[in-house]
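Notes for the one structure printed next.
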Amino acid sequence: MKLGIVVPVYNRERYVGSALRSVLRQRDAADLDIIVIDDGSTDGTADVIRAFIGDGAPIRLFSQPNAGVTKARNAGLRQLCDDTEFVSFLDSDDISPAGRFAADLAYFKADPVLELTYSYMRMVDLVDEEALEPAEGCDERVFRGIHLSAGIYARGLVDRIGPFDEELAQSEDTDFLFRVFEQHARHVFPDTIALYYRQHPDSLMANRAEVRRQFLRACHKSIVRRRRDPSLGSFQDLIKVDERGLGRGR
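The sequence shown maps to residues 101 to 350 in my numbering.
What follows is the structure in structure tokens.
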């Protein structure tokens, strides 16, 4: 199985090494192709990534002038290899838990027509950088929220959904996931923890007012699409799975 992992990055010298190490420790789960899009970083981010490449890691680095996360994600999708079977994403300040890819890819092996696995996320405020696990005593909660990295996507599904909407500076991931469920993608909701979502002051999520505004734009786009084409599914499946009442991860 060839798994392409798209990692957009901008000025994350402090965090990107941990993010990449968390993926690389899972090389036994699949033939990994880690596609890093450096969106015009001005710090030492690219040097950190090149050090991994120099050590033989399956990472391909592409650099572009700063254009925002949406265009960076699309740039990553354009670099997928022809033989890539599955696609996932990781933000450059988050952590992929050990064993996650092996656990979720097993669902695809069991069901050849499956298009998507969509798992839980764990929000943490402190990470043990050596163990790449939530630090002891950290503030954390587990929930099923809206996050690209919670999913592993069959390549055919990604091709069918198309690129991220570049009209959205944020919530392009939300819009993408809404379109996935509108297309009635065949999916399962495993109990796996798909990512450790790192909370820190430099996160794009820190500007709550803008986050809410962009989220509402993504919701409105979905409403308009479904009014025009009643055959489309709703994203209710994406949000109703939150049986713990903790679906407020955005």
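The beta-carbon is built from N, C-alpha and C at its ideal position, and this holds for glycine as well. The model shown is predicted, which means the values in this text are computed figures rather than measured ones.
| How many Å lie between VAL107 and ILE252 at the Cα? | 14 angstroms
| request: Along the alpha helix (DSSP H) that carries THR274, what are the first and last residues, could you check? | output: 272–282
| request: Return no unless some Cβ of chain B is closer than 7 angstroms to the Cβ of SER196. | output: Checking the listed chains, one finds no chain B in this structure; it contains a single protein chain.
| query | Is the beta carbon of VAL116 sitting closer than 7 angstroms to the one on THR145? | reply | yes
| Going by the CB atoms, is the gap between THR292 and SER219 shorter than 7 angstroms? | yes
| Secondary structure at PHE315, three-state DSSP: helix, strand or coil? | helix
| query | Among the residues of its own chain, which have a CB less than 7 angstroms from the CB of LEU268, if the five just before and after it don't count? | reply | Cβ neighbours of LEU268 beyond the five flanking positions: THR170, ASP275, GLN314, ARG317, ALA318.
| field | Where LEU124 falls: helix, strand or coil (DSSP) | value | Looking at LEU124 - three-state DSSP - the assignment turns out to be helix.
| message | Would ASN281 and PHE243 be called neighbours here (beta carbons separated by less than 7 angstroms)? | response | Note that residue 281 is Phe in the sequence shown, not Asn. In this structure, PHE243 does not lie closer than 7 angstroms to PHE281 by Cβ.
| request: Return the chain-ordered list of same chain residues with a C-beta closer than 8 angstroms to the C-beta of GLU343, the five sequence neighbours on each side being excluded. | output: With a pLDDT of 45 at GLU343, under the threshold of 50, the modelled position of this residue cannot be trusted, and the question is left open.
| task | Could you check the C-alpha separation between ALA254 and ASN166 for me, to the nearest Å? | result | 29 angstroms
| In its own chain, which residues sit with a C-beta less than 8 angstroms from the C-beta of SER118, not counting the 5 before and 5 after it? | ILE195, VAL227, GLU229, LEU232
| task | Reducing DSSP to helix, strand and coil, say where GLU343 ends up. | result | The predicted model places GLU343 with a pLDDT of 45, which falls under 50 and marks its position as unreliable, so this point remains unresolved.
| Proximity winner among LEU277, ASP239, ALA235, GLY262, relative to ILE246 (alpha-carbon distances) | LEU277
| said: Between ALA202, PHE162, LEU161, ALA198, which has its C-alpha nearest ARG121's C-alpha? | reply: ALA198
| query | In whole angstroms, what separates the C-alpha of ARG174 from that of PRO234? | reply | It should be pointed out that residue 174 corresponds to Asn in this sequence rather than to Arg. Cα to Cα, ASN174 sits roughly 30 angstroms from PRO234.
| query | Thinking C-alpha only, which one of LEU257, SER322, MET101, THR184 is nearest ASP128? | reply | MET101
| query | Alpha carbon to alpha carbon, how far is SER331 from SER322? | reply | 13 angstroms
| said: Can you give me the C-alpha to C-alpha distance between GLN283 and TYR207, rounded to a whole angstrom? | reply: Distance from the CA of GLN283 to the CA of TYR207, rounded to the nearest whole angstrom, comes to 20 angstroms.
| field | 6 angstroms CB neighbourhood of GLN270 in its chain, flanking five on each side removed | value | GLN314
| query | When burial is assigned at 16 or more other CB atoms within 10 Å of the CB, is HIS287 buried or exposed? | reply | Buried: at least 16 other Cβ atoms inside 10 Å.
| query | For VAL123, does the count of other Cβ atoms within 10 angstroms reach 16, so buried, or fall short, so exposed? | reply | buried
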